[in-house]
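Enquirer:
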Amino acid sequence: MKDDTDNFNEEFYENIKRVFLIKKLISKRVRIPFSGALLTKNEVLILFLLYISKDHRNDVQELINILDLSKSQFSKLTKSLRDKKMIITEYNQENKNFLVLQLTKAGETLLKEQYQELTSVKKLIF
């Protein structure tokens with residue numbers, strides 16, 4: 000009976016450590032190589048959504064709807080990403096009323112590096 004309790008406690012402790020490690024990873028800000036600038040979780044999420052979009056570009060309104068953010072929040076995030084040279088903005092060719100975000104090569108490179116880092120950490124956790 001004592002062995003079962005010890006086993007349970009050890010397994011429980013390991014799972015708690017994993018949860019806190021995952022929480023730490025999720026709340027961690029991403030450091031941009033060579034610049035020292037930081038990206039927030041929402042900024043990384045915008046970059047990821049652009050990366051999986053066709054031609055690494057997407058309509059602003061669609062991204063706002065997906066992320067469930069206000070226009071002002073989204074505007075601040077995109078300004079920050081533009082300043083960090085992660086995205087560019089342009090108007091839609093068919094309809095000039097729609098603004099389109101496009102991932103830059105720097106943004107794409109950062110995402111690939113972060114993906115490799117997360118998959119290596121995932122292997123350690125699980």
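Quick note on numbering that gives the first Met the number 0: the sequence shown kicks off at 0 and runs consecutively. We treat Cβ as the ideally placed atom computed from N, Cα and C, and that holds for glycine. Keep in mind that this is a model prediction, so the values were computed, not measured.
My understanding is that Leu110 touches Val59, with C-beta atoms under 8 Å, so please give their C-beta distance in whole angstroms.
Expert: Start at 1 with the first residue of the sequence shown, and residue 110 comes out as number 111. Start at 1 with the first residue of the sequence shown, and residue 59 comes out as number 60. Between Val59 and Leu110 the Cβ distance is about 19 Å, and since that is not below 8 Å, they are no contact.
Enquirer: For the beta strand (DSSP E) holding Leu100, just list the boundary residues, first then last.
Expert: Counted from its first residue, the sequence shown places residue 100 at position 101. Residues 98-102.
Enquirer: Let me know if Ile65 comes out buried or exposed under the rule of 16 or more other beta-carbons within 10 Å of its beta-carbon.
Expert: Along the sequence shown, read from residue 1 onward, the residue named residue 65 stands at position 66. Under this definition Ile65 is an exposed residue.
Enquirer: Indicate whether Phe73 and Ile86 have their beta-carbon atoms separated by less than 8 Å.
Expert: In the sequence shown, the residue the question calls residue 73 occupies position 74. In the sequence shown, the residue the question calls residue 86 occupies position 87. No, the Cβ-Cβ distance between Phe73 and Ile86 is not below 8 Å.
Enquirer: Short check: CB of Gln101 to CB of Leu49, under 8 Å?
Expert: Taking the first residue of the sequence shown as position 1, residue 101 is located at position 102. Taking the first residue of the sequence shown as position 1, residue 49 is located at position 50. Yes. Within cutoff.
Enquirer: State buried or exposed for Leu46, treating a residue as buried only when at least 16 other CB atoms are found within 10 Å of its CB.
Expert: If you number the sequence shown from 1, residue 46 lands on position 47. Burial call: buried.
Enquirer: Would DSSP call Thr108 helix, strand or coil?
Expert: Against the sequence shown, residue 108 aligns to sequence position 109. In this structure, Thr108 counts as helix in the three-state DSSP scheme.
Enquirer: Please report the residue range of the beta strand (DSSP E) in which Thr39 lies.
Expert: Here the question's residue 39 lines up with position 40 in the sequence shown. Counting along the chain, Thr39 falls outside any beta strand (DSSP E), and DSSP gives it neither H nor E.
Enquirer: Phe33: buried (16+ other C-beta within 10 angstroms of its C-beta) or exposed?
Expert: Residue 33 sits at position 34 when you count from the first residue of the sequence shown. With a pLDDT of 44 at Phe33, under the threshold of 50, the modelled position of this residue cannot be trusted; read the value that follows with caution. It counts as exposed.
Enquirer: Excluding five sequence neighbours on each side, which residues of the same chain lie with their C-beta closer than 8 Å to the C-beta of Leu44?
Expert: Counting from 1 along the sequence shown, the entry for residue 44 is found at position 45. Excluding residues within five positions, the ones whose Cβ falls inside 8 Å are Leu66.
Enquirer: Rank Glu10, Lys40, Ser79, Arg56 by C-alpha distance to the C-alpha of Gln92 and give the top, closest one.
Expert: For this step, residue 92 is matched to residue 93 along the sequence shown. For Gln92, the nearest C-alpha among the options comes from Arg56.
Enquirer: Report the three-state DSSP secondary structure of Asn64 (helix, strand or coil).
Expert: Working through the sequence shown from its first residue, we reach residue 64 at position 65. Here Asn64 sits in helix by DSSP.
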